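Each remark here refers to the structure printed beneath this line.
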């Protein structure tokens, strides 16, 4: 654990109270990426309310800094995989918002031709491996992507996301064991949004510090302010670097918060309005960047408004596209079952 | 008092073995626990320990003797002070035929008073592993039940094999190993992963020699962690590798079911055709012998129900080799159901380079005109055995080996039933929603007008597998049941 402690210290220093500043271009890119997620998810929520999106729909609002910060530290050849709160991961991996939204509406131009829906979407081209509906399943699958990376020696790292609720699944620990045993290049990213559906961390977890969940397997871990995109990027950068150097897996606990319910059908009565309001006012990941950009003086309100408008247009176009696109041809029922 | 030392079983499926060497000579004093001999099978070598103290009075089986049936006396240990030469030499039992042994098992056990005295009861020696340790309890091989074996080195009847092919006799175990080795030589993306597949050489020795040829990068021992390594292998397959995942038995695949179904089978569909999962899950399936309910289940029907999977269950070495090679090359997840009882059975495999058998094609294992038997895997033993029985009374049964359960070659079944008008489905699995139920439905839908009798099913009984030998035998199908079912559909 000596080596692990060292990295923890380095990453901790890098990502600690004074998270290293992003340069203005990076701040703007992060702002734009997070805003796209926020507006996209708000639109998805509206469309769900209108009946255009069916089934389960899990929104990422409040957690934007996590996936955006990790993406900023990754390479295009690194794989991303997560569970069902996945729209943001797809947008951040560069998947087309129109086709993501069209999948949500179950239309033929969706990434899965309308056959996967909100929880099951993939893009081999963008190295996004889903989009999985089963809690905990992304952990071993993500380690398997890392197994392939190590097998090929291609230097890629698997960025494997799951929630703190999933972190109580047995298969996660089976995966931790193999990942460390075989030194797989995988960063496990626990998005701790404090509620596994309606069950708070305190009510579900004997060890609530998820960064310590790898200790039994000698996997170094770090707890990160997941509302601060700078801290996320710094921690992810150190973890990815650790993996890329062949040191094995790394565990990041991203402390974050979802503003909406677990899914669209969850009224979130298990927490107070004040708790949500406090997070929004004091820790909002987008507002933090916006405030820094303005305070920095190098970015004007007008510039940000232009970005806001551009993002709104992308989302409006995606919504229009997804509303107008046709449903899949009935013949698609029988395709893609086997190759 | 003299005690016979019997040929021990190294594993519950062992029927016979070789006496490799004697470590003691006649006249030597032995103590309980002393290693007196070494025996071997194709799987392993083990030491025979003396179970009693005394003098090794007689060696009945010279070193180097092969094919010694389990429980044959191989030596006599005489008590202290007894004349070695006075020790009574037991008559070595001839190796009994399967039917004979079955007959014995059917007999009721002796009543208390009738039990033979201890002097006459041979003491079973302990077999202690040396070169190869006994497989762990999880993977322990089982003594074969009284189940029919096909004629040795049966030449497979299959359309894929040209008339002028030459053959090599091998066990299904060897055929499976060869298939994997050939595909690993051909494609660097193919690797094998599972419990005890590498250094241990396979719990059932199916992966024997693969570690030595391909190294630890491609022959990967896992912790005991089915859910985890199944999911991990699915991820590796998503990334373009071609894992062969060995489950020590499919009973343990239950722990991994979520990844087999939700991750492997469904992702191609859920991704609109983008993410395929080229993976083979293989291992012994179904009842072995005397391992009771949690280790004796046929999952054929479970997997065969799932769209997105292909399911294969070969009955002989030739099909096992040709189909496993095809499975490894297939771009889809394939469930490859082997059978422990069949691992050691010899049959002829054609000497054809790159011998591939197409997935989804049944074969007519035996032609006939009176009744169609449809079976797969070890069920073929009952079907072929019953066909032999019926032939004696002039009934010609046609026997179809499905080989692949999904996609099922319904056309082959229907073509045969149109000829015979009668159909019996044979499997070791449970009846409700079983493979036989599916066959009955398909035949009814596609050959109703040709049927002269309702389709009959011979299946494992609708109970968890019992442990007791007699109950286990009752729980499994039998040749007699297949014969009876055939007579029923023939109204004879």
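Chains as they are written, first to last, in my numbering: chain A, 736 to 1074; chain B, 190 to 681. For glycine and all other residues, C-beta sits at the position ideal for the given N, C-alpha and C. Keep in mind that this is a model prediction, so the values were computed, not measured.
Inter-residue CB distance, residue i and residue j (contact presumed, cutoff 8 Å)
{"i": "residue 501/B", "j": "residue 396/B", "result": "Not confirmed; about 18 Å, so no contact."}
{"i": "residue 256/B", "j": "residue 196/B", "result": "In fact, because the Cβ distance is near 10 Å, the residues do not count as touching under 8 Å."}
{"i": "residue 803/A", "j": "residue 1050/A", "result": "Contact doesn't hold; Cβ gap of about 16 Å is too wide."}
{"i": "residue 514/B", "j": "residue 368/B", "result": "5 Å"}
{"i": "residue 512/B", "j": "residue 522/B", "result": "That pair is no contact at about 15 Å."}
{"i": "residue 993/A", "j": "residue 928/A", "result": "4 Å"}
{"i": "residue 990/A", "j": "residue 1024/A", "result": "Contact flag wrong, Cβ pair sits at about 17 Å."}
{"i": "residue 487/B", "j": "residue 618/B", "result": "4 Å"}
{"i": "residue 854/A", "j": "residue 900/A", "result": "Contact flag wrong, Cβ pair sits at about 15 Å."}
{"i": "residue 383/B", "j": "residue 490/B", "result": "Actually they are not in contact, since the Cβ atoms of residue 383/B and residue 490/B sit about 23 Å apart, beyond 8 Å."}
{"i": "residue 649/B", "j": "residue 663/B", "result": "Going by Cβ atoms, the distance from residue 649/B to residue 663/B rounds to 10 Å, so no, they are not a contact pair."}
For residue i, the nearest candidate out of the options (CA to CA)
{"i": "residue 1072/A", "options": "538/B, 455/B, 568/B", "result": "455/B"}
{"i": "residue 473/B", "options": "202/B, 190/B, 198/B", "result": "202/B"}
{"i": "residue 817/A", "options": "866/A, 954/A, 753/A", "result": "866/A"}
{"i": "residue 351/B", "options": "623/B, 616/B, 540/B", "result": "540/B"}
{"i": "residue 230/B", "options": "533/B, 657/B, 566/B, 618/B", "result": "533/B"}
{"i": "residue 1055/A", "options": "769/A, 787/A, 763/A, 766/A", "result": "787/A"}
{"i": "residue 626/B", "options": "524/B, 564/B, 236/B, 380/B", "result": "564/B"}
{"i": "residue 497/B", "options": "1074/A, 982/A, 1020/A, 798/A", "result": "1074/A"}
{"i": "residue 996/A", "options": "877/A, 930/A, 808/A, 980/A", "result": "930/A"}
{"i": "residue 567/B", "options": "679/B, 416/B, 477/B", "result": "477/B"}
{"i": "residue 1059/A", "options": "791/A, 809/A, 844/A", "result": "844/A"}
{"i": "residue 782/A", "options": "1027/A, 999/A, 962/A", "result": "999/A"}
{"i": "residue 962/A", "options": "878/A, 887/A, 926/A, 1053/A", "result": "926/A"}
{"i": "residue 552/B", "options": "559/B, 579/B, 505/B", "result": "505/B"}
{"i": "residue 870/A", "options": "888/A, 1020/A, 896/A", "result": "896/A"}
{"i": "residue 637/B", "options": "656/B, 654/B, 610/B", "result": "610/B"}
Test item: CB-CB of residue i and residue j under 9 Å
{"i": "residue 238/B", "j": "residue 253/B", "result": "no"}
{"i": "residue 1062/A", "j": "residue 842/A", "result": "yes"}
{"i": "residue 880/A", "j": "residue 922/A", "result": "no"}
{"i": "residue 349/B", "j": "residue 545/B", "result": "yes"}
{"i": "residue 966/A", "j": "residue 911/A", "result": "no"}
{"i": "residue 917/A", "j": "residue 945/A", "result": "no"}
{"i": "residue 569/B", "j": "residue 586/B", "result": "no"}
{"i": "residue 537/B", "j": "residue 344/B", "result": "yes"}
{"i": "residue 431/B", "j": "residue 495/B", "result": "no"}
{"i": "residue 1057/A", "j": "residue 983/A", "result": "no"}
{"i": "residue 833/A", "j": "residue 462/B", "result": "no"}
{"i": "residue 228/B", "j": "residue 249/B", "result": "no"}
{"i": "residue 265/B", "j": "residue 360/B", "result": "no"}
{"i": "residue 206/B", "j": "residue 245/B", "result": "no"}
Neighbourhood of residue i by C-beta, 7 Å cutoff - its chain only, sequence neighbours within 5 removed
{"i": "residue 449/B", "result": "419, 442, 470"}
{"i": "residue 861/A", "result": "828, 829, 830"}
{"i": "residue 307/B", "result": "Its pLDDT being 37, under 50, residue 307/B is placed unreliably by the model, and nothing is read from it."}
Contact set for residue i: own chain, Cβ-Cβ below 6 Å, skip 5 residues either direction
{"i": "residue 815/A", "result": "824, 828, 863, 894"}
{"i": "residue 311/B", "result": "Confidence in residue 311/B is poor, its pLDDT being 38 and thus under 50, which makes the residue's placement unreliable; the coordinate value appears in the next sentence. Only 193, 195 meet the Cβ criterion."}
{"i": "residue 550/B", "result": "598"}
{"i": "residue 629/B", "result": "644"}
{"i": "residue 403/B", "result": "373"}
{"i": "residue 776/A", "result": "794, 795, 796"}
{"i": "residue 436/B", "result": "442, 472"}
{"i": "residue 285/B", "result": "Residue placement at residue 285/B cannot be trusted, given a pLDDT of 41 that sits under 50; the coordinates are not used to answer."}
{"i": "residue 891/A", "result": "812, 813, 884"}
Residues near residue i in its chain [Cβ-Cβ closer than 8 Å; skip 5 each side]
{"i": "residue 671/B", "result": "562, 571, 572, 574, 575, 613, 615, 647"}
{"i": "residue 632/B", "result": "602, 603, 606, 612, 640, 644"}
{"i": "residue 1066/A", "result": "none"}
{"i": "residue 548/B", "result": "499, 501, 512, 515, 516, 519, 523, 593, 596"}
{"i": "residue 354/B", "result": "539, 540, 541"}
{"i": "residue 826/A", "result": "768, 771, 772, 775, 832, 835"}
Cβ-based burial, residue i [other Cβ within 10 Å; buried from 16]
{"i": "residue 850/A", "result": "buried"}
{"i": "residue 1040/A", "result": "exposed"}
{"i": "residue 235/B", "result": "buried"}
{"i": "residue 652/B", "result": "exposed"}
{"i": "residue 972/A", "result": "buried"}
{"i": "residue 218/B", "result": "exposed"}
{"i": "residue 755/A", "result": "exposed"}
{"i": "residue 675/B", "result": "buried"}
{"i": "residue 556/B", "result": "exposed"}
{"i": "residue 785/A", "result": "exposed"}
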